[in-house]
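Take 1215 as the starting number for the sequence shown in the numbering used here and just add one per residue. Comments concern the structure below.
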Amino acid sequence: MPTRVLLTTCSFQDTPGPHHLQLESQGFEIVRERGPLTEARMLELAGDFDAFLCGDDTITRAVLEKSRPRLRVISKYGIGLDKIDISATKELGIPVLFTPGVNHTTVAEHTFCLLLAMQKNLVETANATRQGKWLRITGHELWRKRIGLIGMGRIGQEMARRARGFDMEIHAFGNFWPDDVAAQYGIIRHESIDSLFSSVDIVSPHTKLTKDTYHLINRERLALLPEGAYVVNTGRGELADPAAILEALDSGRLAGYGTDVMEQEPPAEDDPLLAHPKVLVTAHIGSRTFESVPRQAKKSLDNLLNFLSGSGPIACANGVIPSDE
């Protein structure tokens, strides 16, 4: 019986690259779905696969229990693990592989893309010229603005490098602190998130979604920002409280909210963030480039193949060590 793999990540499937030939050459039985899949859909599929090659599908304890004993491994395309019940994978002995170090440059670029578009009123004026209007709105510079980075991992560091190019004053908060990068770019370290919010004009979170970071951008912290501040979110939608964001936009506390991520993806058509004139939403495409996708795809596929063959390196996120079988 051939190895049966559930492939759900749309970026992997839609973007050209050598990963397609690499996967197809393995002789696997590949079932393709268009993720991210809900728990209900995952439960319908669970139980008939040796491996998941997944994106941001909802993989709960119920899904995992129904997937056993056949499911041997989960290979995550990407680094975000909040949609997977990691504690359940540990209990059930299912390794979860992931792809750190492959998308930090493109996510940082997209973050600045959103930020610059908001500062320069890019979307509104570009749309106006398409309609034959010559709309000239006065914007803002990023030069020497104060940016607050939450998280100093790979993406946070790439953000700092780019912020320095705009001669921005860089503030940051994070449990992980790269002293060399902080010294090179003159990053001001904060001991609390509240301290960071009270010191900057722009907030950009680049941290994992956990119970402690859920809605870390909330009403109380937004009140610490100066009038006319900006928030740009390319991490997870759940890092920001949407109700608090809307209140801050309407009050003028926030001049703009740019996000590549939503609490529900795709969002409901009547989600008020989509229609707000001060909000810029992209469809979770921050790491979806012709350069980044093949890197992520190859890493996720190499992880999977190396695990199944029992040879070669793997990047394991949950500490489950494969047994010798």
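The beta carbon of each residue, even a glycine, is placed where N, CA and C say it ideally should be.
In the DSSP output, what is residue i paired with across the bridge?
i            : result
residue 1419 : 1364
residue 1471 : 1445 and 1493
residue 1225 : For residue 1225, which the question treats as bridged, DSSP gives no partner whatsoever.
residue 1385 : 1362 and 1402
residue 1243 : 1218
residue 1301 : Per DSSP, none; premise fails for residue 1301.
residue 1454 : 1431
residue 1265 : 1219 and 1287
residue 1327 : Answer is none; residue 1327 lacks a bridge partner.
residue 1310 : 1288
residue 1273 : 1298
Using 9 Å as the threshold, is the C-beta distance between residue i and residue j below it?
i            : j            : result
residue 1270 : residue 1452 : no
residue 1253 : residue 1221 : no
residue 1288 : residue 1272 : no
residue 1366 : residue 1429 : no
residue 1500 : residue 1321 : yes
residue 1315 : residue 1223 : no
residue 1459 : residue 1493 : yes
residue 1377 : residue 1417 : no
residue 1485 : residue 1456 : yes
residue 1312 : residue 1517 : yes
residue 1464 : residue 1439 : no
residue 1498 : residue 1476 : yes
residue 1261 : residue 1280 : yes
residue 1240 : residue 1487 : no
residue 1385 : residue 1413 : yes
residue 1515 : residue 1267 : yes
How many whole angstroms separate the CB atoms of residue i and residue j, which I take to be in contact at a CB cut-off of 8 Å?
i            : j            : result
residue 1369 : residue 1324 : Contact doesn't hold; Cβ gap of about 10 Å is too wide.
residue 1530 : residue 1310 : 7 Å
residue 1243 : residue 1216 : 5 Å
residue 1436 : residue 1410 : The Cβ separation is near 12 Å, so there is no contact.
residue 1496 : residue 1474 : 5 Å
residue 1361 : residue 1382 : 5 Å
residue 1387 : residue 1356 : The pair is not a contact, with the Cβ atoms about 20 Å apart (cut-off 8 Å).
Quick check on the burial criterion: 16 or more other C-beta atoms within 10 angstroms. Buried or exposed for residue i?
i            : result
residue 1359 : buried
residue 1290 : buried
residue 1506 : buried
residue 1424 : exposed
residue 1227 : buried
residue 1299 : buried
residue 1534 : buried
residue 1250 : buried
residue 1538 : Only weak support is given to the placement of residue 1538: the predicted model assigns it a pLDDT of 43, under 50, and the question is left unresolved by the model.
residue 1445 : buried
residue 1524 : exposed
The ligand SAM and residue i: does any heavy atom of the ligand fall closer than 8 Å to the residue's C-beta?
i            : result
residue 1312 : As far as ligands go, the structure on display features none, and thus does not contain the ligand SAM.
Across the region 1471-1489 and the region 1273-1292, are there enough close Cβ pairs to call them in contact, namely three or more that are closer than 8 Å? no
Do the region 1399-1409 and the region 1335-1342 meet, that is, are 3 or more Cβ pairs less than 8 Å apart? No, the region 1399-1409 is not in contact with the region 1335-1342.
Three Cβ pairs or more, each shorter than 8 Å: is that satisfied between the region 1224-1231 and the region 1510-1521? yes
Decide if the region 1367-1387 is in contact with the region 1321-1335; the criterion is three or more beta carbon pairs, one per stretch, under 8 Å apart. yes
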